[in-house]
Structures are given as C-alpha cells and as structure tokens.
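Engineer: Going by the numbering used here, the sequence shown runs without a break in its numbering and finishes at 198.
We put the beta carbon where it would ideally sit given N, CA and C, even for glycine.
Since the structure is predicted, the reported quantities are computational estimates derived from the model, not experimental observations.
The structure that follows is given in the form of structure tokens.
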Amino acid sequence: MTDFSPSDGSVPARLITSEGREAAVKRLTAAFAEDAIAVEEFERRVAAVYKATSSETLAALTRDLPTGATGGSSVPARAEASRAVDGSRARSRRIASVFSAIERDVAGPMPEILHVRAVMGSVELDLRDAEFPPGLTEIRVRSVMASVEIDLPDTVRIENDGKAFMGSWVVSSRRRRGRERPADGPLVRITGRSIMASVEVGVDD
C-alpha cells in the first residue's frame, strides 16, 4: 500500500471544500454587518478566502471574529432615525436589510444623511416622492452579497462617489429630450461600496 503521509511526520494540510469557503465568507459577512470589522479588512479577508489553499489558513481568517457572527441567523429588516428635537430636518436615517428584503416608497423630508445597508438581502427604495431640501443630501450605501435599487426624482443633481469590489455600481440619469435639470437643484451625493453585490441608482424623468 502506498503511504501518502509526509516523510517528516507532520500532519498534512486539509484541502478546502467549496462549502468551507462559503461558510467562511458568510461568517465574514455577518461580522461586517455587525461592524465587527472595517470594510477594507472585510475585502482583504474575502480575497484571502479564495486564495487560501488549506483549511488551516481558512480558519485563521475567521478565528478572531465574535462568536455570534456565524452568518446563519436571520436579522429582520429595520429602519432607524435620528431626528432633530426642534422639528427641523433630521440629521440621519438608517435602513438596513440583513438576510431579508425591503421594498419602500418614501415620502416626506429627506434626512441630511440616509444610510442604506443590505447584507445578503435586498433593498428597493422609491424616493421620487420624497422632499429633497436645497443643499446637499448624502445617501451612503453598503451592499454585501446583496442588491440595492434606488429611484430618485428628476429635480435633483447627482454626485456619484461609489466603488465596487467584485460587484457592480451603476448610477444613471434618463432625461427626456429637451428637458434640463435645474442647475441649482438639490444635490444628492451617492457614496459607499458594493461588495460582491449590485447597486443601481436611477433618475427617471
């Protein structure tokens, strides 16, 4: 019988299965969703998962993560807001979908900053009836193994500053011929990351 054991008596490295890689990515994603690791560290570790050649190397990438970040639990979609006590424009609002889906038509005043987070889920926001005050409104998007779709009104100007990592980030403006958007209209700045995910933001006249 042929003996494939290492001649030096060391234990051979265990090969990685596709299920093992998937489990590691899910665990990293759950930790990222819980803000346990920063986006740059998340990207570095996910890339390392697909480069790993042994189970030991793979295990080292998740060993220091919180024990609750297993990636197997379902977290409901939620919305949180930070409102001004004097009745003025809200400072921020957060819409999050973790292992779930959100479809929402938004009306009324927009906050100064809208945080949109989707982790292994989806978010569809229709903001065409929302009120965008003069000046700047920022929409910060974080999509991880998920999809985000946002529709904006034709009265706003867009500044796109998003990035994609193994995913897509598309901001488009469809204008009717001969119709110009006001030069001094409200400015909407779209920022964030799409990580193994898709983000689509559209202005539909």
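(1) Below 8 angstroms on the Cβ atoms is my contact criterion, and I expect V99 with V109 to pass it. Report the Cβ-Cβ distance as a whole number of Å.
(2) Taking the straight line between their C-alpha atoms, what separation do you get for M138 and M159?
(3) Going by other Cβ atoms of all chains shown within 10 Å of its Cβ, with 16 needed for buried, is S161 buried or exposed?
(4) Since I believe A24 is in contact with L58 (beta carbons under 8 angstroms), could you give me their beta-carbon distance rounded to a whole number of angstroms?
(5) Tell me whether the beta-carbon of V141 lies closer than 8 angstroms to the beta-carbon of V134.
(6) Quick one: residues in its chain with C-beta nearer than 8 angstroms to the C-beta of D154, no 5 flanking neighbours on either side, listed in chain order?
(7) Between which residues of its own chain and A41 is the CB-CB distance below 6 angstroms, once the five residues before and five after are set aside?
(8) For A52, report the span of its alpha helix (DSSP H) as first-last.
(9) Per DSSP, G101 forms a beta bridge with which residues?
(10) Count the other C-beta atoms from every protein chain shown that fall within 10 angstroms of the C-beta of I188, then say buried if there are 16 or more, exposed otherwise.
(11) Applying the 10 Å Cβ sphere with the 16-neighbour rule, what's the burial state of S165?
(12) Using three-state DSSP, classify G185 as helix, strand or coil.
(13) Rounded to a whole number of angstroms, what is the C-alpha to C-alpha distance between T46 and T22?
(14) By Cβ distance below 7 angstroms, which residues in the same chain neighbour P127 in space, the five residues on each side in sequence not counted?
(15) If I measure Cβ to Cβ from V192 and keep anything under 6 angstroms in the same chain, skipping five residues before and after, which residues do I get?
(16) How big is the Cα-Cα spacing for M113 and A157?
(17) Which stretch, first to last residue, makes up the beta strand (DSSP E) that contains A137?
(18) Since L107 sits in a beta bridge, which residues does DSSP pair it with?
(19) Are the beta-carbon atoms belonging to R97 and L129 less than 8 angstroms from one another?
(20) Report the three-state DSSP secondary structure of R56 (helix, strand or coil).
Structural biologist: Here's the rundown:
(1) By 1-based counting over the sequence shown, the position of residue 99 is 106. By 1-based counting over the sequence shown, the position of residue 109 is 116. That belief does not hold up - the Cβ atoms of V99 and V109 are roughly 11 angstroms apart, past 8 angstroms.
(2) Sequence index remark: in the sequence shown, residue 138 carries index 145 (1-based). Sequence index remark: in the sequence shown, residue 159 carries index 166 (1-based). Distance between the alpha carbons of M138 and M159: 10 angstroms.
(3) On the sequence shown, position 168 is the one that residue 161 refers to. The C-beta of S161 has fewer than 16 other C-beta atoms within 10 Å across all chains shown, which makes the residue exposed.
(4) As a working mapping, residue 58 is identified with position 65 in the sequence shown. As a working mapping, residue 24 is identified with position 31 in the sequence shown. The C-beta distance from L58 to A24 rounds to 5 angstroms, short enough to fall under 8 angstroms.
(5) If you number the sequence shown from 1, residue 141 lands on position 148. If you number the sequence shown from 1, residue 134 lands on position 141. In this structure, V141 lies near V134, with their beta-carbon atoms less than 8 angstroms apart.
(6) Looking up residue 154 in the sequence shown gives position 161. Cβ within range, chain order: R182, I183, T184.
(7) Within the sequence shown, residue 41 is the residue found at index 48, counting from 1. So the qualifying residues of the chain are L54.
(8) Here residue 52 refers to the residue found at position 59 when the sequence shown is read from its first residue. In the DSSP annotation of this structure, the continuous segment of the alpha helix (DSSP H) that includes A52 starts and ends at 48 to 53.
(9) In the sequence shown, counting from the first residue as 1, residue 101 sits at position 108. DSSP, once it has assigned bridges, lists A123 as partnering G101.
(10) Mapped onto the sequence shown, residue 188 falls at position 195. By the 10 Å Cβ count, I188 comes out buried.
(11) In the sequence shown, counting from the first residue as 1, residue 165 sits at position 172. Classification of S165: exposed, given that the 10 Å Cβ count is below 16.
(12) As a working note, residue 185 is residue 192 in the sequence shown. Looking at G185 - three-state DSSP - the assignment turns out to be strand.
(13) Counted from its first residue, the sequence shown places residue 46 at position 53. Counted from its first residue, the sequence shown places residue 22 at position 29. The C-alpha of T22 is placed about 21 angstroms away from the C-alpha of T46.
(14) The residue given as residue 127 occupies position 134 in the sequence shown. Within the same chain, P127 has close Cβ partners P179.
(15) Numbered from its first residue, the sequence shown carries residue 192 at position 199. Correct list, in chain order: V134, S136, V141, W162.
(16) Taking the first residue of the sequence shown as position 1, residue 113 is located at position 120. Taking the first residue of the sequence shown as position 1, residue 157 is located at position 164. Inter-residue distance for M113 and A157 is about 16 angstroms (C-alpha atoms, whole angstroms).
(17) Taking the sequence shown and counting its residues from 1, one reaches residue 137 at position 144. Rather than Ala, the amino acid found at residue 137 in this sequence is Val. From DSSP, the beta strand (DSSP E) with V137 extends over 129 to 137.
(18) If you number the sequence shown from 1, residue 107 lands on position 114. L107 has R86, I132 as its beta-bridge partners, per DSSP.
(19) What you label residue 97 is simply residue 104 of the sequence shown in a count that begins at 1. What you label residue 129 is simply residue 136 of the sequence shown in a count that begins at 1. Not in contact: R97 and L129 (Cβ atoms no closer than 8 angstroms).
(20) Mapped onto the sequence shown, residue 56 falls at position 63. Three-state result, R56: coil.
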